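Asker: Terminal number for the sequence shown in full-length UniProt numbering: 812, no gaps in between. Positions of the beta carbon are idealized from the N, C-alpha and C atoms, including for glycine. Bear in mind that the values here come from a model prediction, so they are computed numbers and not experimental data.
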Amino acid sequence: MTYDTGPSPGAGRGKRPYRAAYQQARSSGRSGYGYGGGGGDDLLRAKADNEPTHLDQQLENTRAMDAIDERMGFHRFQEGPPRLGWLINMHPTLVHDKDTPSGRAGVDYYFLEEDGNTFKATIVYSPYFLIACKPGTESEVEDYLKKQYEGTIEHIEQVHKEDLKMANHLLGLKRAFIKLSFRSVRELLTIRKIIMPAVKHNASKTDTELDAMMMGADPLSDQLRDTTLSKRTATEILDNIVDIREYDIPYYIRVAIDNDIRVGLWYDVRATNGTITLTHRADLVKRPEPVVLAFDIETTKLPLKFPDAAIDSIMMISYMVDGQDGRAIRMAPLTAMHQGYLITNRDIVSQDIDDFEYTPKPEFDGPFHIFNEADEAIGFFKDEQDEYKSHYAIHMDCFRWVKRDSYLPVGSHGLKAVAKAKLGYNPDEIDPEDMTRFAAERPQTLAQYSVSDAVATYYLYMKYVHPFIFSLCNIIPSNGDEVLRKGSGTLCELLLMVEAYRANVIIPNKYQEPHEKLFDGHLLESETYVGGHVEALEAGVFRSDIPIQFKIVPSAAQQLIDQVDAAIRFTVEVENKRQMSDVLNYDEIRADIVGRLADLRDRPERQEEPRIYHLDVAAMYPNIILTNRLQPDAIVDERICATCDFNLPGKQCDRRMNWLWRGQYFQADRNEYRMIKNQLLTEQFPGRRPTDPMQPFHQLPPAEQTTIIRKRIGDYSRRVYTRLHATKVVEREAIICQRENPFYINTVRSFRDRRYEYKGLHKTWKKRLDTAANAAEQDEARKMVIVYDSLQLAHKCILTSFYGYVMRKAAR
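Take a look at the structure:
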């Protein structure tokens with residue numbers, strides 16, 4: 001039995017990762033999905049995402065993937081009347097062009113229509129990046145690039161964008177960039193490889209020199225401009241390039257940002273002379289019902305060992321399908337809307353398994369049809385992340401959702417614990433050491449256990465993962481596979497890139513930490529901030545029926561009495577939006593409040609049964625960001641303020657805030673650090689490959705030098721000081737510019753407000769569900785409740801990550 005993916009990391013031991021394969025093909029009459037039986041295995045084994053070594057191979061892989069897509073019902077839409085489709089997936093591709101032998105970069109968009117039919121459309125879009133030059137040298141650099149790389153660069157133009165690092169950009173000054181567009185990503189990488197070394201070399205200049213160049217004060221610029229292009233060398237011209245931006249954005253994300261395309265939304269798709277345009281249909285919110293396939297595998301294993309993909313085999317594959325197109329998976333009749341299947345490996349399983357039903361709860365039905373096979377195969381391909389994915393289908397790993405978005409404790413991430421917490425029942429369980437033995441002795445029991453995991457995975461996906469991930473896809477310019485697998489910080493970054501593009505702000509490069517940073521003469525290992533936390537006045541177990549000793553501060557109670565009129569006015573006019581004249585019993589209410597506060601003031605020592613309240617600050621971190629206009633580019637210093645044109649007497653745009661810095665540093669001091677580094681300068685180190693000659697320390701890459709220095713200093717500190725690190729917390733002051741471009745805080749504000757909007761719509765549709773008059777209205781209301789609840793949860797997930805994103809390594 002062959003199974004291309006091999007066993008999952010934890011298969012066969014009770015708590016293993018589980019996954020839901022998400023299959024959108026709905027057109028009838030198709031077979032051979034990849035579990036064998038229907039043919040098409042040769043096509044399905046095409047490895048399309050792996051970067052080929054030759055262009056011909058890449059084009060051949062693209063043609064193979066197109067053939068697979070057509071076989072699964074996704075024919076390319078190139079002409080005809082407009083079509084309405086729900087976008088389910090998007091992937092970069094290479095489009096054959098008779099005028100461009102190397103092909104053109106494009107993105108395949110996969111759509112599901114209202115009637116269940118499918119199609120795909122391809123948008124051709126030129127990839128690009130931007131470079132910045134010394135002021136006044138843009139034309140010279142542009143002419144050189146046009147002449148030298150005419151066949152590689154498709155188009156060159158100058159654009160002006162707001163650079164938040166540029167001096168005095170608050171006056172509306174914009175920085176000139178040269179936009180280099182290409183026909184394919186391969187050509188972009190070719191030119192980027194040439195320009196990057198020049199940019200890194202020029203980046204070694206001091207900040208003062210760069211600021212002078214940005215303001216047109218480079219003392220050499222006049223002399224350089226007087227030299228004709230024909231007499232200049234390539235190195236001299238490339239020395240004018242001082243920065244490169246937006247060069248590392250994945251191509252299909254670049255297209256989604258620039259064209260405002262999101263997975264999980266409805267689009268009118270039009271083809272005009274072979275050119276595809278997508279128009280978002282904001283009036284359509286209700287989502288279609290694609291086919292969902294959830295599966296789980298069981299593997300053999302050696303006693304007291306984990307499964308090993310190199311030697312162990314698949315015993316069983318259990319999967320459930322949602323929808324009526326069972327032929328897309330297997331040529332088998334469906335007797336229910338939710339149909340389950342079990343494939344057994346008869347080389348291991350001792351006897352055939354008969355059809356049976358597994359229904360753990362009345363609402364979780366699971367009829368299963370059995371295939372007893374001697375040989376079996378699947379046809380997903382492995383990508384660069386060593387994961388098996390597809391183009392037309394989305395491969396959802398439910399375990400990824402559990403780890404990032406379920407808010408379950410770390411010890412409760414196994415399928416059994418998640419099913420109990422989220423679905424309300426316990427799936428069947430078998431001791432991992434008995435599973436291989438049961439395949440021979442009790443195959444029916446093992447089959448029952450296997451399908452129980454598939455049922456749990458299916459209903460977990462349908463109830464939680466599916467609506468949540470597609471809600472995130474509505475707002476994040478990425479496909480479902482990446483939205484599920486990326487960290488919340490990366491999702492925040494994608495959103496900020498979208499807002500930066502809309503605000504015409506150049507997207508910053510990823511932050512790179514200095515290789516050797518010192519603190520008080522010590523080499524710094526790491527640094528961070530002390531985040532917001534709740535200080536407990538008293539810890540313990542409290543009950544409302546057990547008296548507690550209270551000690552009231554009389555002055556605090558008196559202060560509340562003095563402020564009671566203002567508090568009542570705020571409650572009436574601000575919180576309830578009424579007038580004080582509308583209150584009929586003001587004096588009575590006021591006297592009652594004052595009397596209770598006076599009793600607290602007069603009897604501060606008291607033992608009473610407590611009232612237990614749960615207090616929650618709504619959107620605390622987003623509100624901290626909005627109140628103080630906190631954003632990365634707004635953190636300035638005295639030098640920046642001194643050069644700002646708004647630096648006038650009485651200015652209020654420099655809000656100063658204290659914060660706690662925490663650093664971890666090595667024990668060795670500055671002199672010992674220099675001694676160790678001088679010693680390293682006399683040594684030689686092996687190259688990356690065994691055949692490489694020995695290299696002196698100063699010729700090693702900076703990152704490798706830092707690694708060696710830290711290891712050597714760590715060993716020295718442990719030997720001399722008996723411990724490796726010391727930690728220190730220092731209070732520091734930061735200046736937050738209140739005039740900075742607000743695209744960051746606008747992103748946070750719009751997300752916060754949109755979440756409140758979705759919460760309101762969720763409540764509205766819940767009321768409609770309660771008052772629905774017939775089954776059709778109930779079904780529509782139930783689906784809209786799920787949509788808006790998942791949307792508000794998706795916004796909550798992102799909102800909580802904005803605060804910590806800026807401290808993430810390699811944040812922009």
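Checking 8 Å against the spacing of the C-beta atoms, do Arg782 and Leu791 come in under that value?
Answerer: By 1-based counting over the sequence shown, the position of residue 782 is 782. By 1-based counting over the sequence shown, the position of residue 791 is 791. Going by C-beta atoms, Arg782 is not nearer than 8 Å to Leu791.
Asker: Buried or exposed for Glu588, going by 16 or more other Cβ atoms inside 10 Å?
Answerer: The residue given as residue 588 occupies position 588 in the sequence shown. Exposed, by the Cβ-count rule.
Asker: What number of angstroms, rounded off, separates the C-alpha of Gln223 from the C-alpha of Pro702?
Answerer: Indexing the sequence shown from 1 puts residue 223 at position 223. Indexing the sequence shown from 1 puts residue 702 at position 702. Confidence in Gln223 is poor, its pLDDT being 45 and thus under 50, which makes the residue's placement unreliable; the coordinate value appears in the next sentence. Cα to Cα, Gln223 sits roughly 34 Å from Pro702.
Asker: Could you tell me the boundaries of the beta strand (DSSP E) in which Gly85 lies?
Answerer: Translated into positions along the sequence shown, residue 85 becomes position 85. From DSSP, the beta strand (DSSP E) with Gly85 extends over 83-97.
Asker: Rounded to the nearest angstrom, how far is the Cβ of Val748 from that of Ile625, given a contact under 8 Å?
Answerer: Against the sequence shown, residue 748 aligns to sequence position 748. Against the sequence shown, residue 625 aligns to sequence position 625. With 8 Å as the limit, Val748 and Ile625 qualify as a contact, their Cβ atoms being about 5 Å apart.
Asker: Any contact of the region 675-684 with the region 546-559, i.e. 3+ C-beta pairs under 8 Å?
Answerer: In short, these stretches do not touch, since the Cβ pair count stays below three.
Asker: On a Cα-Cα basis, can you pick out the residue from Ile123, Tyr392, Ile798, Val185 that is closest to Leu496?
Answerer: One-based indexing of the sequence shown puts residue 496 at position 496. Here the closest residue by C-alpha is Ile798.
Asker: Taking only beta-carbon positions, decide if Ala536 is within less than 8 Å of chain B.
Answerer: Protein chains in the displayed structure number just one, and chain B is not present.
Asker: Between Tyr392 and the ligand NAP, is the CB less than 7 Å from at least one heavy atom?
Answerer: Questions concerning the ligand NAP fall outside what the structure shown contains, since it holds no ligand whatsoever.
Asker: Output the distance between the C-alpha atoms of Gly804 and Ala642, rounded to the nearest integer angstrom.
Answerer: On the sequence shown, residue 804 is found 804 positions in, with the first residue counted as 1. On the sequence shown, residue 642 is found 642 positions in, with the first residue counted as 1. For Gly804 and Ala642, the distance between alpha carbons rounds to 29 Å.
Asker: Can you give me the Cβ contacts of His795 inside the same chain, cut-off strictly under 7 Å, excluding the 5 residues immediately before and after it?
Answerer: Looking up residue 795 in the sequence shown gives position 795. Cβ within range, chain order: Phe751, Arg754, Arg755, Tyr758.
Asker: Can Val564 and Arg596 be called in contact, C-beta distance under 8 Å?
Answerer: Translated into the one-based positions of the sequence shown, residue 564 becomes position 564. Translated into the one-based positions of the sequence shown, residue 596 becomes position 596. Their beta carbons are not under 8 Å apart, which means Val564 does not touch Arg596 by this criterion.
Asker: Looking only at its chain, what residues have a beta carbon closer than 8 Å to the beta carbon of Gln158, apart from the 5 residues adjacent to it on each side?
Answerer: Residue mapping note: residue 158 aligns to position 158 of the sequence shown, counting from 1. If we look at Gln158 and ignore the five residues flanking it on each side, its Cβ neighbours are Glu138, Glu142, Ala176, Phe177, Ile178, Lys179.
Asker: Using 8 Å as the Cβ pair cut-off and three pairs as the minimum, do the region 92-101 and the region 289-303 touch?
Answerer: Because the criterion of three Cβ pairs below 8 Å is not met, the region 92-101 and the region 289-303 do not touch.
Asker: Where does Lys147 fall in DSSP's three states?
Answerer: Translated into the one-based positions of the sequence shown, residue 147 becomes position 147. DSSP places Lys147 in helix when its eight states are reduced to three.
Asker: What do you get for Lys161, buried or exposed, if any count of 16 or more other CB atoms within 10 angstroms of its CB means buried?
Answerer: Residue mapping note: residue 161 aligns to position 161 of the sequence shown, counting from 1. Its Cβ being crowded by 16 or more others within 10 Å, Lys161 is buried.
Asker: Which residues does DSSP pair with Pro508 in a beta bridge?
Answerer: By one-based count along the sequence shown, residue 508 stands at place 508. Paired residues: none, contrary to the question.
Asker: Could you tell me whether the region 83-94 touches the region 142-153, where touching means 3 or more Cβ pairs closer than 8 Å?
Answerer: No, the region 83-94 is not in contact with the region 142-153.
Asker: Which residue's Cα is closest to the Cα of Lys486: Val418, Ala456, Arg404?
Answerer: To locate residue 486, count along the sequence shown from 1; it is residue 486. The option with the nearest alpha carbon to Lys486 is Arg404.
Asker: Here's the rule: buried if 16 or more other CB atoms are within 10 angstroms of the residue's CB, otherwise exposed. What is Trp659?
Answerer: Translated into positions along the sequence shown, residue 659 becomes position 659. By the neighbour-count rule (16 or more Cβ atoms within 10 Å), Trp659 is not buried but exposed.
Asker: Rounded to the nearest angstrom, how far is the Cβ of Gln664 from that of His725, given a contact under 8 Å?
Answerer: As a position in the sequence shown, residue 664 is number 664, starting the count at 1. As a position in the sequence shown, residue 725 is number 725, starting the count at 1. Right, their Cβ atoms sit about 5 Å apart.
Asker: Alpha carbon to alpha carbon, how far is Val124 from Tyr501? Give it in angstroms, no decimals.
Answerer: Here residue 501 corresponds to residue number 501 of the sequence shown, with the count starting at 1. Here residue 124 corresponds to residue number 124 of the sequence shown, with the count starting at 1. Distance between the alpha carbons of Tyr501 and Val124 is about 20 Å.
Asker: With a Cβ-Cβ cutoff of 8 Å, do Pro514 and Val498 count as a contact?
Answerer: In the sequence shown, counting from the first residue as 1, residue 514 sits at position 514. In the sequence shown, counting from the first residue as 1, residue 498 sits at position 498. Their beta carbons are not under 8 Å apart, which means Pro514 does not touch Val498 by this criterion.
Asker: Rounded to whole angstroms, how far is the Cβ of Val199 from the Cβ of Asp239, which I believe are closer than 8 Å?
Answerer: For the purposes of this step, residue 199 is taken as the residue at position 199 of the sequence shown. For the purposes of this step, residue 239 is taken as the residue at position 239 of the sequence shown. With 8 Å as the limit, Val199 and Asp239 do not qualify as a contact, their Cβ atoms being about 10 Å apart.
Asker: Going by the beta-carbon positions, is the gap between Thr62 and Leu94 smaller than 8 Å?
Answerer: Taking the first residue of the sequence shown as position 1, residue 62 is located at position 62. Taking the first residue of the sequence shown as position 1, residue 94 is located at position 94. A contact, by the Cβ cut-off of 8 Å.
Asker: Measuring alpha carbon to alpha carbon, tell me which residue in Ile640, Phe646, Asn426, Ser555 is nearest Asp602.
Answerer: Reading the sequence shown from its first residue, position 602 is the one you call residue 602. Answer by Cα proximity: Ser555.
Asker: Does the region 245-265 come into contact with the region 462-478, if we say contact requires no fewer than three beta-carbon pairs (one atom in each stretch) closer than 8 Å?
Answerer: Verdict: yes, contact present.
Asker: Tell me which residue opens and which closes the beta strand (DSSP E) that Thr277 is part of.
Answerer: Position 277 of the sequence shown holds residue 277. 275-280 is the span of the beta strand (DSSP E), which, as asked, contains Thr277.
Asker: Tell me the DSSP secondary structure of Cys644 in three-state form.
Answerer: Counting from 1 along the sequence shown, the entry for residue 644 is found at position 644. Here Cys644 sits in coil by DSSP.
Asker: Cutting at 7 Å between CB atoms, please list the residues of its own chain near Met620, excluding the five before and the five after it.
Answerer: As a first step, residue 620 must be located in the sequence shown, where it is residue number 620. Cβ within range, chain order: n/a, list empty.
Asker: Going by C-alpha to C-alpha distance, which of Asn746, Arg281, Arg569 sits closest to Asp582?
Answerer: Taking the sequence shown and counting its residues from 1, the one referred to as residue 582 is at position 582. Ranking Asn746, Arg281, Arg569 by Cα distance to Asp582 puts Arg569 first.
Asker: Looking at Val291 and Val787, is the spacing between their C-beta atoms short of 8 Å?
Answerer: If you number the sequence shown from 1, residue 787 lands on position 787. If you number the sequence shown from 1, residue 291 lands on position 291. Cβ atoms of Val787 and Val291: not closer than 8 Å.
Asker: I need the straight-line Cα distance from Ala67 to Lys120, nearest angstrom please.
Answerer: Counting from 1 along the sequence shown, the entry for residue 67 is found at position 67. Counting from 1 along the sequence shown, the entry for residue 120 is found at position 120. So the alpha carbons of these two residues sit roughly 12 Å apart.
Asker: Can you give the Cα-Cα distance for Gln57 and Ala105, rounded to whole angstroms?
Answerer: Looking up residue 57 in the sequence shown gives position 57. Looking up residue 105 in the sequence shown gives position 105. So the two alpha carbons sit approximately 15 Å from each other.
Asker: Can you tell me which of the three DSSP states Phe789 falls into?
Answerer: Taking the first residue of the sequence shown as 1, we reach residue 789 at position 789. The question names Phe, but residue 789 in the sequence shown is Asp. It is helical.
Asker: Kindly give me the distance between the Cβ atoms of Arg629 and Ile745, rounded to whole angstroms, as I take these residues to be in contact under 8 Å.
Answerer: One-based indexing of the sequence shown puts residue 629 at position 629. One-based indexing of the sequence shown puts residue 745 at position 745. Sure, about 6 Å apart at Cβ, within 8 Å.
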